[in-house]
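Enquirer: Note that UniProt numbering has the sequence shown beginning at 1, numbered continuously upward.
Cβ coordinates follow ideal geometry from the N, Cα and C atoms, glycine included.
Please read all numbers here as calculations on a predicted model, not as lab measurements.
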Amino acid sequence: MDGEGKRGKAVIVGGSIAGISCAHALTLAGWDVLVLEKTPSSPTGSPTGAGLGLNSFSQQIIQSWLPHSQQLLHNTTIPLTIDQNHVTDSEKKVHCALTRDESFNFRAAHWADLHGLLYTALPSDIFLWGHLFLSFHVVDGKGSVIVKAKVLETGKVVEIAGDLLVAADGCLSSIRQKYLPDFKLRYSGYCAWRGVLDFSKIENSETITGIRKAYPDLGKCLYFDLASGTHTGLYELPNKRLNWIWYVNQPEAEVKGTSVTMKVNSDMIQKMQQEAEKVLIPELAKVIKETREPFLNFIYDSDPLEKIFWDNVVLVGDAPLLTVLEAQTCPY
Ligand SMILES: Cc1cc2nc3c(=O)[nH]c(=O)nc-3n(C[C@H](O)[C@H](O)[C@H](O)COP(=O)(O)OP(=O)(O)OC[C@H]3O[C@@H](n4cnc5c(N)ncnc54)[C@H](O)[C@@H]3O)c2cc1C
Numbered sequence: 001m002d003g004e005g006k007r008g009k010a011v012i013v014g015g016s017i018a019g020i021s022c023a024h025a026l027t028l029a030g031w032d033v034l035v036l037e038k039t040p041s042s043p044t045g046s047p048t049g050a051g052l053g054l055n056s057f058s059q060q061i062i063q064s065w066l067p068h069s070q071q072l073l074h075n076t077t078i079p080l081t082i083d084q085n086h087v088t089d090s091e092k093k094v095h096c097a098l099t100r101d102e103s104f105n106f107r108a109a110h111w112a113d114l115h116g117l118l119y120t121a122l123p124s125d126i127f128l129w130g131h132l133f134l135s136f137h138v139v140d141g142k143g144s145v146i147v148k149a150k151v152l153e154t155g156k157v158v159e160i161a162g163d164l165l166v167a168a169d170g171c172l173s174s175i176r177q178k179y180l181p182d183f184k185l186r187y188s189g190y191c192a193w194r195g196v197l198d199f200s201k202i203e204n205s206e207t208i209t210g211i212r213k214a215y216p217d218l219g220k221c222l223y224f225d226l227a228s229g230t231h232t233g234l235y236e237l238p239n240k241r242l243n244w245i246w247y248v249n250q251p252e253a254e255v256k257g258t259s260v261t262m263k264v265n266s267d268m269i270q271k272m273q274q275e276a277e278k279v280l281i282p283e284l285a286k287v288i289k290e291t292r293e294p295f296l297n298f299i300y301d302s303d304p305l306e307k308i309f310w311d312n313v314v315l316v317g318d319a320p321l322l323t324v325l326e327a328q329t330c331p332y
């Protein structure tokens, strides 16, 4: 550990929402922080990134990290004060309200905006982009940790010493795998089509007037529509964008690579749009059809881990926490 006021040096693997949040929390707690992220530059998106709902506790924590610019979180998000659930009749293509909670206290952000806000509030020199974490070992009777990473641009392997290793490397965490080699993700049985429609240039179109008529409280409401064997979520994001999510039960696909987000081709998108026209109300199916680059998340979970830290290594974010989405407290 370093001298006065400093707790030591933390090496964080993963510069997504969990990693960047830890960078804030640890910096405030007096740690020197270094973030290793394999993507080549500060991302403007994420495999799991579209709309993000922030409950009041998340809002409070994020505000505490932005002491000089509290207004920024408000500018980056919009308040969702209503939570309304509908039931959809897929044959008649109509929906009606089931429940309505007017004391909802969430804010909606786009993943990239929230990430950008948190990123720019930190010194840029604590981020090492384009650094692929390879391995680590604990030394000095658990006193410190040596991390090996590959600089992707040059192929050079570098060693970084720290006092704490934070694994924020997502649900496929290789650091978790080292401690829990038998751990396996469990497919939940469903996946989520997701997308964000930018309507800034089509505000007066039939699609937007139609969706506003069908969902009159868009802009302040989180809508859920339950239909037979499926459900959807819809809410507005800042800067004239609509975030939608459509859960579909289906067998597990072979998800290649290191992500639970599947690369989708135009055939899959077309089939999804046709299915949307069959089961959803036409106003929502139209929004889905007009969304560019929708993507597909396969949803995995696991039983809670018995342990999330070993020696001076700790798992954060999705690395330790895999629960089915309905069990979480965020709006999806
Ligand atoms: C359909 C769906 C909807 C959701 N909606 C919400 C919501 O509304 N609100 C909410 O709070 N949450 C929501 N979530 C959950 C949320 O998206 C995740 O909990 C969150 O993205 C996890 O962040 P993370 O930083 O832990 O992991 P990730 O975002 O997966 O980041 C892991 C990072 O680690 C990096 N990395 C991995 N391996 C290495 C390596 N070897 N070397 C260097 N870097 C590495 C990756 O490049 C990546 O940047 C949703 C999830 C899904 C699937």
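Applying the criterion that 16 or more other CB atoms from any shown protein chain within 10 Å of the CB defines a buried residue, is asparagine 105 buried or exposed?
Expert: To locate residue 105, count along the sequence shown from 1; it is residue 105. It is exposed - the Cβ of asparagine 105 has fewer than 16 other Cβ atoms within 10 Å.
Enquirer: Under DSSP, the beta strand (DSSP E) around threonine 232 begins and ends at which residues?
Expert: Taking the first residue of the sequence shown as position 1, residue 232 is located at position 232. Note, threonine 232: beta strand (DSSP E), 230 to 237.
Enquirer: The beta strand (DSSP E) spanning glutamine 84 covers which residue range?
Expert: As a first step, residue 84 must be located in the sequence shown, where it is residue number 84. Counting along the chain, the beta strand (DSSP E) containing glutamine 84 begins and ends at 82 to 89.
Enquirer: Nearest to valine 287 by alpha carbon, out of Ile299, Thr261, Asn312 and Arg241?
Expert: Taking the sequence shown and counting its residues from 1, the one referred to as residue 287 is at position 287. For the residues Ile299, Thr261, Asn312 and Arg241, the minimum Cα distance to valine 287 belongs to Arg241.
Enquirer: Touching or not, the stretch 139 to 148 and the stretch 263 to 276, by the rule of three or more beta carbon pairs under 8 Å?
Expert: no
Enquirer: Whose CA, out of Thr232, Ile245 and Ser16, lies closest to the CA of leucine 114?
Expert: Here residue 114 is taken as the residue at index 114 of the sequence shown, counted from 1. Ranking Thr232, Ile245 and Ser16 by Cα distance to leucine 114 puts Ser16 first.
Enquirer: How about phenylalanine 183: is its C-beta nearer than 8 Å to some C-beta of chain C?
Expert: Within the model displayed, chain C is absent; a lone protein chain is all it includes.
Enquirer: Flag valine 145 as yes when its Cβ comes closer than 7 Å to any non-hydrogen atom of ligand 1, and as no otherwise.
Expert: Mapped onto the sequence shown, residue 145 falls at position 145. For valine 145, the shortest separation between its Cβ and any heavy atom of ligand 1 does not lie below 7 Å.
Enquirer: Rounded to a whole number of angstroms, what is the C-alpha to C-alpha distance between valine 324 and leucine 185?
Expert: Locating residue 324 in the sequence shown gives position 324, where the first residue counts as 1. Locating residue 185 in the sequence shown gives position 185, where the first residue counts as 1. In this prediction, valine 324 scores a pLDDT of 49, lower than 50, which makes its location untrustworthy; the coordinate-derived value is nonetheless stated afterwards. Whole-angstrom Cα-Cα distance: 11 Å.
Enquirer: Can you give me the start and stop residues for the alpha helix (DSSP H) that histidine 24 sits inside?
Expert: The residue given as residue 24 occupies position 24 in the sequence shown. Run containing histidine 24: 17 to 28, per the alpha helix (DSSP H) assignment.
Enquirer: Rank Ala319, Asp101 and Leu80 by C-alpha distance to the C-alpha of glutamate 236 and give the top, closest one.
Expert: Residue mapping note: residue 236 aligns to position 236 of the sequence shown, counting from 1. The option with the nearest alpha carbon to glutamate 236 is Leu80.
Enquirer: Using three-state DSSP, classify threonine 258 as helix, strand or coil.
Expert: Working through the sequence shown from its first residue, we reach residue 258 at position 258. Its pLDDT being 42, under 50, threonine 258 is placed unreliably by the model, and nothing is read from it.
Enquirer: Find the nearest neighbour of histidine 68 within the set Gly30, Leu118, Ala108 and His110, judged by alpha-carbon distance.
Expert: Residue 68 sits at position 68 when you count from the first residue of the sequence shown. When only C-alpha atoms are compared, the closest one is Leu118.
Enquirer: Take every Cβ of the stretch 162 to 182, pair it with every Cβ of the stretch 304 to 323, and state whether three or more of those distances are shorter than 8 Å.
Expert: yes
Enquirer: Using a Cβ-Cβ cut-off of 6 Å (strictly less than) and excluding sequence neighbours within five positions of leucine 305, which residues of its own chain qualify?
Expert: Numbered from its first residue, the sequence shown carries residue 305 at position 305. Excluding residues within five positions, the ones whose Cβ falls inside 6 Å are Pro320.
Enquirer: Would you please state the rounded distance, in angstroms, between the beta carbons of valine 147 and valine 11? I believe it to be under 8 Å.
Expert: For the purposes of this step, residue 147 is identified with residue 147 of the sequence shown, where counting begins at 1. For the purposes of this step, residue 11 is identified with residue 11 of the sequence shown, where counting begins at 1. Confirmed, about 5 Å.
Enquirer: Leucine 296 and tryptophan 193: beta carbons closer than 8 Å?
Expert: Taking the first residue of the sequence shown as 1, we reach residue 296 at position 296. Taking the first residue of the sequence shown as 1, we reach residue 193 at position 193. Yes, they are a contact pair.
Enquirer: CA-CA distance, valine 145 and glutamine 63?
Expert: As a working note, residue 145 is residue 145 in the sequence shown. As a working note, residue 63 is residue 63 in the sequence shown. The alpha-carbon atoms of valine 145 and glutamine 63 are separated by roughly 31 Å.
Enquirer: Check the DSSP bridge columns for arginine 7 and list the partner residues they point to.
Expert: For the purposes of this step, residue 7 is identified with residue 7 of the sequence shown, where counting begins at 1. Arginine 7 pairs with nothing; no bridge assigned.
Enquirer: Taking only three categories from DSSP, how would you classify valine 264?
Expert: In the sequence shown, counting from the first residue as 1, residue 264 sits at position 264. In the structure shown, valine 264 sits in coil (DSSP, three-state: anything other than H, G, I, E or B).
Enquirer: Residues in the same chain with beta-carbon distance under 6 Å from lysine 9, minus the five sequence neighbours each way, listed in chain order, please.
Expert: Mapped onto the sequence shown, residue 9 falls at position 9. So the list reads Asp32, Gly162 and Asp163, once near-sequence residues are dropped.
Enquirer: Closer than 7 Å: is that where the CB of glycine 170 sits relative to any heavy atom of ligand 1?
Expert: Here residue 170 refers to the residue found at position 170 when the sequence shown is read from its first residue. At least one heavy atom of ligand 1 is nearer than 7 Å to the Cβ of glycine 170, so yes.
Enquirer: Under a three-way DSSP split, which group does glycine 141 fall into?
Expert: For the purposes of this step, residue 141 is identified with residue 141 of the sequence shown, where counting begins at 1. Collapsing the DSSP output to three states places glycine 141 in coil.
Enquirer: With 16 other CB atoms within 10 Å as the buried threshold, where does leucine 98 fall?
Expert: Taking the first residue of the sequence shown as 1, we reach residue 98 at position 98. Classification of leucine 98: exposed, given that the 10 Å Cβ count is below 16.
Enquirer: Identify whether threonine 99 lies in helix, strand or coil by the three-state DSSP scheme.
Expert: Counting from one through the sequence shown, the residue named residue 99 turns up at place 99. In this structure, threonine 99 counts as strand in the three-state DSSP scheme.
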